[in-house]
Amino acid sequence: MRGLYTTTAIATAAMMTMSGAALADDVEVLHWWTSGGEAAALNVLKEDLQTQGIGWLDMPVAGGGGEGAMTVLRARVTAGDAPTAVQMLGFDILDWAAEGALGNLDSVAAAEGWDAVVPAALQNFAKYDGHWVSAPVNVHSTNWVWANKAILDELGLAQPKTWEEFVAALQAAKDAGYTALAHGGQPWQDATVFDSIVIGAGGPEFYKRAFIDLDPAALNSPEMVEAFTRMETLRGFVDDNFSGRDWNLASAMVINKEAAFQIMGDWAKGEFLRAEKVPGTDFLCFRVPGSEGSVTFNADQFAMFKVSEGAVASQEAMASAIMSPDFQIAFNTVKGSVPARTDVPGDQFDACGQQGIAELAAAAEGGTLLGSMAHGHANPAAVKNAIYDVVTAHFNGEYDATAAAEELANAVASAQ
Ligand code: GAL
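Spelled out as structure tokens, the structure:
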């Protein structure tokens with residue numbers, strides 16, 4: 217083994233001497249796209265860059281929602297070794313920009329007219345102080361249910377339209393011996409479910425007051441108690457082994473007809489597609505009952521760190537590749553998300569994707585496009601993590617619904 221490493225090291229050193237320029241142009245990309253569907257989407261990006269002669273140094277850090285990736289990033293930046301490009305969400309981008317760590321994509325953004333085609337809700341996070349600091353690759357949303365159609369057909373269940381119908385369908389699936397709700401007990405997954413449940417319990421204005429305005433009177437309110445009560449109802453429908461399960465394994469339970477439903481962002485669709493499942497035939501996608509009309513969005517962006525001059529050209533080329541309409545279609549049809557531009561035709565998207573595109577536009581128009589709390593688009597990381605703690609502690613029985621609402625208001629107040 218030692219011999220092999222030595223040979224590799226010598227070969228690498230020789231390559232660096234021979235083609236230093238090519239190596240300097242590689243982009244090192246820190247991301248958390250490690251599930252099957254996510255890796256397939258990431259490959260679309262890697263291959264696109266490869267055709268443009270941009271090399272890829274992969275830096276994956278597993279963990280949905282990106283908490284692990286953000287911890288690794290902090291360590292890398294502290295060590296003076298920032299990656300070239302980093303998958304990042306919402307407020308994290310603004311936090312890094314405020315620290316002065318991010319580069320500037322203004323010239324490529326101006327040349328390609330990003331201002332006119334990137335939705336305003338995304339520009340709020342892609343620009344800092346009027347300057348472009350990141351390139352948005354997609355728009356996901358979290359308030360979706362993924363259902364196994366064969367189970368619904370077998371039990372004679374129609375797609376539930378109200379919270380009560382959803383609970384009745386979960387009960388029917390449980391009675392028939394299925395896991396009713398496939399879930400992974402990890403704080404970010406509990407919080408992902410909570411996004412939809414809070415809208416269902418209080419409506420979009422209430423969600424906004426609670427999670428975006430951080431109004432203490434909304435955080436500790438009858439509506440929030442109702443949201444926690446609904447979480448308790450859902451808790452009654454997960455299986456005994458839910459704790460710690462990765463989200464894609466929960467998706468696999470629905471794909472494999474072990475479980476009827478999963479509440480998860482539309483990255484779950486990437487897993488169904490990779491398993492060659494067809495929307496409408498094998499699985500159903502619909503908004504979490506009670507949350508229809510609202511879209512809790514999160515957009516993955518590639519934030520560009522301050523790097524040496526040679527790497528800036530690669531960052532700009534990468535950003536340009538990401539923003540190309542063709543790439544947005546090729547990537548997002550695999551990832552489960554929808555394009556981060558308003559001018560991309562939706563005809564190559566499947567039924568769930570077309571629904572997502574139409575609902576994103578309608579929500580933006582109607583004022584019900586809301587940043588996902590669970591995925592860093594409602595409030596900064598310190599507040600988000602405080603909310604995670606309470607939601608997870610409650611889900612695991614530490615508080616009743618009334619105490620949880622009180623704790624939520626307290627936790628958010630001390631995190632600010
Ligand atoms: C989200 C991210 C998605 C998906 C998901 C699960 O935070 O925006 O792209 O990767 O985590 O890993």
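Every number in this note's numbering is 216 more than the matching position in the sequence shown, counting from 1. Yeah, the Cβ is synthetic: ideal placement off N, Cα and C, and Gly gets one too.
Rounded C-alpha distance that separates residue i from residue j
i: residue 377; j: residue 383; result: 10 Å
i: residue 606; j: residue 410; result: 11 Å
i: residue 529; j: residue 601; result: 35 Å
i: residue 423; j: residue 342; result: 23 Å
i: residue 612; j: residue 242; result: 45 Å
i: residue 375; j: residue 368; result: 8 Å
i: residue 480; j: residue 519; result: 25 Å
i: residue 230; j: residue 498; result: A caution first: residue 230 carries a pLDDT of 37, below 50, which makes its placement in the model unreliable, though a value can still be read off. C-alpha separation (whole angstroms): 52 Å.
i: residue 467; j: residue 397; result: 10 Å
i: residue 541; j: residue 558; result: 10 Å
i: residue 324; j: residue 532; result: 6 Å
i: residue 610; j: residue 450; result: 12 Å
i: residue 632; j: residue 311; result: 14 Å
i: residue 355; j: residue 316; result: 26 Å
i: residue 568; j: residue 295; result: 43 Å
i: residue 416; j: residue 255; result: 32 Å
i: residue 292; j: residue 275; result: 11 Å
i: residue 472; j: residue 585; result: 32 Å
i: residue 272; j: residue 469; result: 33 Å
i: residue 594; j: residue 391; result: 37 Å
i: residue 287; j: residue 258; result: 21 Å
8 Å contact criterion, which residue i and residue j should meet: CB distance rounded
i: residue 330; j: residue 539; result: 6 Å
i: residue 400; j: residue 482; result: With 8 Å as the limit, residue 400 and residue 482 do not qualify as a contact, their Cβ atoms being about 16 Å apart.
i: residue 321; j: residue 353; result: Rounded, the Cβ-Cβ distance is 13 Å, inconsistent with contact.
i: residue 371; j: residue 388; result: 5 Å
i: residue 426; j: residue 414; result: 6 Å
i: residue 547; j: residue 260; result: 5 Å
i: residue 252; j: residue 487; result: 6 Å
i: residue 308; j: residue 592; result: 6 Å
i: residue 521; j: residue 298; result: 4 Å
i: residue 474; j: residue 395; result: 6 Å
CB contact check: residue i to chain D, cutoff 8 Å
i: residue 443; result: Annotation note: the requested chain D is absent from the structure, which comprises a single protein chain.
Nearest candidate by alpha-carbon position, reference residue i, set the options
i: residue 163; options: 603, 454, 616 and 248; result: Here the chain covers residues 217 to 632 and nothing more, so residue 163 does not appear.
i: residue 572; options: 526, 513 and 589; result: 513
i: residue 346; options: 319, 261, 490 and 388; result: 319
i: residue 511; options: 521, 519, 583 and 486; result: 583
i: residue 476; options: 557, 393 and 299; result: 393
i: residue 680; options: 251, 458, 252 and 617; result: The structure shown has nothing for residue 680, since the chain only spans 217 to 632.
i: residue 564; options: 545, 599 and 575; result: 545
i: residue 579; options: 295, 335 and 484; result: 335
i: residue 596; options: 317, 428, 275 and 251; result: 428
i: residue 516; options: 298, 328, 366 and 554; result: 554
i: residue 419; options: 386, 379, 455 and 458; result: 379
i: residue 590; options: 257, 408, 456 and 290; result: 408
i: residue 490; options: 549, 285, 452 and 298; result: 549
i: residue 265; options: 536, 608 and 574; result: 536
Proximity test, residue i beta-carbon vs the ligand COA heavy atom, cut-off 7 Å
i: residue 308; result: The model on display carries the ligand GAL but not the ligand COA.
Next on the checklist: Any contact between the stretch 494–510 and the stretch 354–366? By contact I mean 3 or more CB pairs, one from each, below 8 Å.
Outcome noted: Proximity of the stretch 494–510 to the stretch 354–366 meets the contact definition, three or more beta-carbon pairs being nearer than 8 Å.
Checklist entry - Quick check: the stretch 403–423 against the stretch 274–287, are there 3 or more CB pairs under 8 Å? => result Contact check between the stretch 403–423 and the stretch 274–287: three or more CB pairs, one atom from each, fall below 8 Å, which counts as touching.
Next on the checklist: When you compare the stretch 606–621 with the stretch 430–440, are there three or more beta-carbon pairs, one atom per stretch, that lie closer than 8 Å?
Outcome noted: Contact annotation: the stretch 606–621 touches the stretch 430–440, with at least three C-beta pairs closer than 8 Å.
Checklist entry - Which ranges would you report for the alpha helix (DSSP H) in the stretch 488–574 if only whole runs of at least 4 residues count? => result The qualifying runs are 525–539 and 541–551.
Item to check | Segments of 3+ residues assigned as beta strand (DSSP E) that fall wholly inside the stretch 580–606 | outcome: Here the runs fully enclosed are 585–587.
Item to check | Uninterrupted alpha helix (DSSP H) stretches inside the stretch 248–273 (no shorter than 4 residues) | outcome: Runs found: 252–267.
Checklist entry - Per the contact definition of three or more C-beta pairs closer than 8 Å, is the stretch 246–260 in contact with the stretch 298–309? => result Taking 8 Å as the limit for Cβ pairs, the verdict is that the stretch 246–260 does touch the stretch 298–309.
Next on the checklist: Threshold first: 3 residues or longer. Then list the beta strand (DSSP E) segments lying entirely within the stretch 341–386, N to C.
Outcome noted: 350–352 and 360–364, all fully within the stretch 341–386.
Item to check | Uninterrupted alpha helix (DSSP H) stretches inside the stretch 393–477 (no shorter than 4 residues) | outcome: Complete alpha helix (DSSP H) runs here, min 4: 403–418, 420–423, 432–435, 438–451 and 463–471.
Next on the checklist: What ranges does the beta strand (DSSP E) occupy inside the stretch 277–336, keeping only unbroken runs of at least 3 residues that lie completely in it?
Outcome noted: Fully enclosed beta strand (DSSP E) runs of 3 or longer: 301–305.
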